[in-house]
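Here the structure comes first, spelled out in structure tokens, and everything after it is commentary.
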Amino acid sequence: MSFGGDSANSFVMHGEKGPEDITRIDAKKDLGIWLSPNLSFSLHLEKSAQKAFAVLRMIRRTFSRITRTDFQILYGAYVRPLLEYANPVVYSGRTKDVILIERVQRAATKMVAGLKSMDYETRLAVLALFPLEYRRLRGDLILTYALFEQGLANSYVLRYLMCLLVPSCIVWLFYWPEHAEVKHEPDPAPVTSTLISYEDINLAKEEANRVGPGEQGAAVRLFGEQKVESEKFLNQNGFNTYISDMIAIDRSVADIRHPKCKAMLYLAKLPSVSLVIPFFQENWNALLRTFVSSLKRSPPGLIKEVILVDDGSTREYLKGPLDRYLEQHYPDGLVRVIRSPKREGLITARIRGARAATGEVLVFLDSHCEANPNWLPPLVDPIARDYKVVTCPFIDVISADTFEYRAQDEGARGAFDWELFYKRLPKLPQDLPHPERPFDSPVMAGGLFAISAKWFWELGGYDPGLVIWGGEQYELSFKIWMCGGRMIDIPCSRIGHIYRTHPTDFPSAGLGDFLGKNYKRVAETWMDEYKEYIYSRRPHYRHIDAGDLSEQKAVRERLHCKPFKWFMETIAFDLTKKYPLVEPVSAATGDVRPVVDQTLCVDAEGATKTEPIKLKKCVEYVGGNGVQKFELSYADDIRPVKHKNCWDLPHAGQNAAVVMFECHGLHGNQHWIVEPLEEDNRNPIIIKHALTNHCLEADVTASKVVTNVCNRDVVAQRWVWEKLQFDEAKDSKKRAGL
67 MSFGGDSANS FVMHGEKGPE DITRIDAKKD LGIWLSPNLS FSLHLEKSAQ KAFAVLRMIR
127 RTFSRITRTD FQILYGAYVR PLLEYANPVV YSGRTKDVIL IERVQRAATK MVAGLKSMDY
187 ETRLAVLALF PLEYRRLRGD LILTYALFEQ GLANSYVLRY LMCLLVPSCI VWLFYWPEHA
247 EVKHEPDPAP VTSTLISYED INLAKEEANR VGPGEQGAAV RLFGEQKVES EKFLNQNGFN
307 TYISDMIAID RSVADIRHPK CKAMLYLAKL PSVSLVIPFF QENWNALLRT FVSSLKRSPP
367 GLIKEVILVD DGSTREYLKG PLDRYLEQHY PDGLVRVIRS PKREGLITAR IRGARAATGE
427 VLVFLDSHCE ANPNWLPPLV DPIARDYKVV TCPFIDVISA DTFEYRAQDE GARGAFDWEL
487 FYKRLPKLPQ DLPHPERPFD SPVMAGGLFA ISAKWFWELG GYDPGLVIWG GEQYELSFKI
547 WMCGGRMIDI PCSRIGHIYR THPTDFPSAG LGDFLGKNYK RVAETWMDEY KEYIYSRRPH
607 YRHIDAGDLS EQKAVRERLH CKPFKWFMET IAFDLTKKYP LVEPVSAATG DVRPVVDQTL
667 CVDAEGATKT EPIKLKKCVE YVGGNGVQKF ELSYADDIRP VKHKNCWDLP HAGQNAAVVM
727 FECHGLHGNQ HWIVEPLEED NRNPIIIKHA LTNHCLEADV TASKVVTNVC NRDVVAQRWV
787 WEKLQFDEAK DSKKRAGL
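Residues in the sequence shown are numbered consecutively from 67, following our numbering.
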């Protein structure tokens, strides 16, 4: 078949059946692709760029400030898909087209707060992005590799490679005879090598059309009497149960996975799953939403059973009404509840559920979660390939106040500091170009993970000497790695989790310092000589009776587990760069006073992630550890002395407030720079927020601490910090290897 044009307004197609007139048109749109008469796709690229710029303009009008997290969601969902739709087909390689498409990404990255003044390459690095031309080339290579690996026809592979060089051959590519021989190489793994997609397109369409309170994971905001009424119940569970009860137990949530996750293939034969969900005094709808969403967004038949473990709840609706609900909706016993006679704690409840489970894989969830689409196959597939692999989903945030479902971030590696607070480390450089791929993580967050039942019991399960909660994530993580296993985070498996922001009215466990006992059991069993760094920060742990450790130490011997030094040097090799064994001297300590009125001090009393720090009359504290005593730590954050919450600037702008948020050591919103105005490092100083280049400013009249564009001539931006010791801090960091 060949194409030719005559002087008339028509094409002539020459084929076996003779010439046939076809009406000439300037361009044709088919399957969302614009095609011109000369088989050029430049028009498609132009229209794609126009649409993308229109979306950017709409975003700019809608949002007064765009954070990096906002950008990742908005750009990934609404802009980049326009630029990359049908990329293998429409890509021409012409410089003009490449520059046109790249212009969109250049403009988009300038919209992120604090990045506009940076050059394009720096903006890409900060946002963990790549030039679109690089992404296209990488996509071609990945697809080519996948075609070979998954055993598709060699002739198709060769034709595809040729079409990368000659895009107009796309017609030839797709109309090639389909009876080419397909050869599959045998899979050496002890599981079937057939790979399939588990994406549920029909469910996605159904959920996209749902409307109502909280649908699509949207926030529910209350006003007037409803708001007043809801505040009566905040302490029941530490979140807004009034809103929880307004939202459907099977509400829709936005699919916030990386776009490449939808194209991922997994083993057709996956092991059976037992879902274990302990609960204590849980809100009715939150509990039901956990297992209903998990079942709804999983392939039929993959979950063998859901085991709810009641850890001694006393609320009446969690007794008979729950039993009757399960009998009515799951008469086949798919979801069942087992009960503890008294409260034994999260750890014991998980052990109880694991013992009752019959599935090949155990998946543990907290009782206030919601699953994102297709969350389970990515979590189970690695375990099917190697039973000693433990997998953790990405944990998204469900707002405790509005039930908005949103991404926490795009991943980091679990870690800890030397007081055993859970921390996170950045992803390794080799993992950054592949946001959809699993990556190693030294420590799990603890609440949500999947593990082979065989491997769980080979490891001895949880240490039964750990009570209530706390330390179990470290104990399990250490022995997974040290005893021959591996632990990975799965970006394509996402589960939302409600993080409590209010105190609960749960009864006390009445066990004293159970957390200290748990931490000591973990340290004594697994951390070898490194336990001394824990005790140096928590000296009272030395005097806690950890109980009998003989069984746990026997597990180490039986499995020939490696020493903790191996874990620190091989798995968590960069942890001490963020959390040094010996904490360096702080560059500044003590109270922070505005030059304009030195009877006032910055005060963090009552400050939270929503309540800002303030100015109050200076008060002397015995021991110097009050909420008016701050330190500029080795991590370049500012925190009350001996506290774990830091100054955080979530939003830039005129008179923006500084709030308190858990210290993460990753700079960003918590990165502060202290600059003395005198040459010999003496007061007064300015305190600059590194990301925004805004400076701390005192509003004495309103007793507020705000941030504004830095101006050394503004007296309100000048401060006096009680003790400055920059040289000592520098030497101390050097000794610590930082």
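Think of the CB as a built atom: it goes at the ideal place given N, C-alpha and C, for glycine as much as any other residue.
Determine the contact status of residue i and residue j, defining contact as a CB-CB distance below 9 Å.
| i | j | result |
| --- | --- | --- |
| Leu-498 | Ala-194 | yes |
| Ala-481 | Ala-638 | yes |
| Pro-678 | Ala-723 | yes |
| Asn-735 | Asp-714 | yes |
| Val-427 | Pro-337 | yes |
| Phe-305 | Ile-517 | no |
| Arg-189 | Leu-181 | yes |
| Ile-556 | Pro-495 | no |
| Gln-171 | Leu-149 | yes |
| Ala-670 | Leu-698 | no |
| Asn-303 | Arg-624 | no |
| Lys-820 | Asp-611 | Outside the shown range of the chain (67 to 804) lies residue 820, about which nothing can therefore be said. |
| Leu-790 | Pro-650 | no |
Between residue i and the rest of its own chain, which residues show a CB-CB distance below 7 Å, the 5 nearest in sequence each way excluded?
| i | result |
| --- | --- |
| Arg-603 | Trp-484 and Glu-485 |
| Ala-473 | Thr-135, Ile-139, Ile-322 and Asp-462 |
| Asp-475 | Thr-135 |
| Val-772 | Asn-721, Ala-722, Ala-723, Glu-763 and Asp-765 |
| Lys-770 | Lys-680 and Leu-681 |
| Arg-560 | Ile-322, Arg-323, Asn-438, Trp-441, Pro-459, Phe-460 and Asp-462 |
Could you check if residue i is buried or exposed, using at least 16 other CB atoms within 10 Å of its CB as the buried criterion?
| i | result |
| --- | --- |
| Asp-452 | exposed |
| Trp-523 | exposed |
| Glu-410 | buried |
| Lys-545 | buried |
| Met-67 | With a pLDDT of 38 at Met-67, under the threshold of 50, the modelled position of this residue cannot be trusted; read the value that follows with caution. Met-67 is exposed by the Cβ-count criterion. |
| Ile-262 | exposed |
| Val-358 | buried |
| Phe-289 | exposed |
| Thr-356 | buried |
| Asp-614 | exposed |
| Trp-632 | exposed |
| Val-375 | buried |
| Gln-720 | exposed |
| Thr-175 | buried |
| Trp-787 | buried |
| His-760 | buried |
| Ile-132 | buried |
Near residue i, which residues of its chain fall below 6 Å by C-beta distance, leaving aside the five closest residues on each side in sequence?
| i | result |
| --- | --- |
| Tyr-471 | Gly-283, Val-319, Ile-464 and Gly-562 |
| Tyr-585 | Leu-486 and Gly-537 |
| Pro-254 | In this prediction, Pro-254 scores a pLDDT of 39, lower than 50, which makes its location untrustworthy; no coordinate-derived value is stated. |
| Lys-249 | Confidence at Lys-249 is low in this model, with a pLDDT of 33, below 50, so its placement is unreliable and no value can be given for it. |
| Ile-315 | Asn-351, Leu-354, Arg-355 and Val-358 |
| Ile-739 | Lys-754 and Ala-756 |
Please state whether DSSP places residue i in a helix, a strand or coil.
| i | result |
| --- | --- |
| Trp-523 | helix |
| Leu-122 | helix |
| Pro-530 | coil |
| Asp-765 | strand |
| Gly-656 | strand |
| Leu-625 | coil |
| Val-192 | helix |
| His-709 | coil |
| His-563 | strand |
| Lys-683 | strand |
| Ile-132 | strand |
| Cys-327 | helix |
| Asn-584 | helix |
| Glu-634 | Note on residue identity: the sequence assigns Met, not Glu, to residue 634. The answer is helix: DSSP assigns Met-634 an H, G or I state. |
| Tyr-332 | strand |
| Asp-702 | coil |
| Phe-289 | coil |
| Ile-309 | helix |
Beta-carbon within less than 8 Å of residue i's beta-carbon, same chain only, minus the 5 sequence neighbours each way: which residues are those?
| i | result |
| --- | --- |
| Arg-503 | Asp-497 and Pro-557 |
**Report entry** In chain order, each alpha helix (DSSP H) run of at least 4 residues that lies wholly inside the stretch 438-493
**Finding:** 442-451
Requested in this report: Just list the alpha helix (DSSP H) runs in the stretch 389-446, keeping only unbroken ones of 4 residues or longer that don't cross its boundaries, in chain order.
Outcome: 412-422
Query raised in the report: What residue ranges within the stretch 353-388 form continuous beta strand (DSSP E) runs of no fewer than 3 residues, ordered along the chain?
Result: 369-376
Report task. With a floor of 3 residues, list each beta strand (DSSP E) that falls wholly inside the stretch 735-764, ordered by position along the chain. Result -> 738-742 and 751-755
Query raised in the report: Which ranges does the alpha helix (DSSP H) cover as unbroken runs of at least 4 residues, wholly within the stretch 585-618, from first to last along the chain?
Result: Qualifying alpha helix (DSSP H) stretches, in chain order: 597-603.
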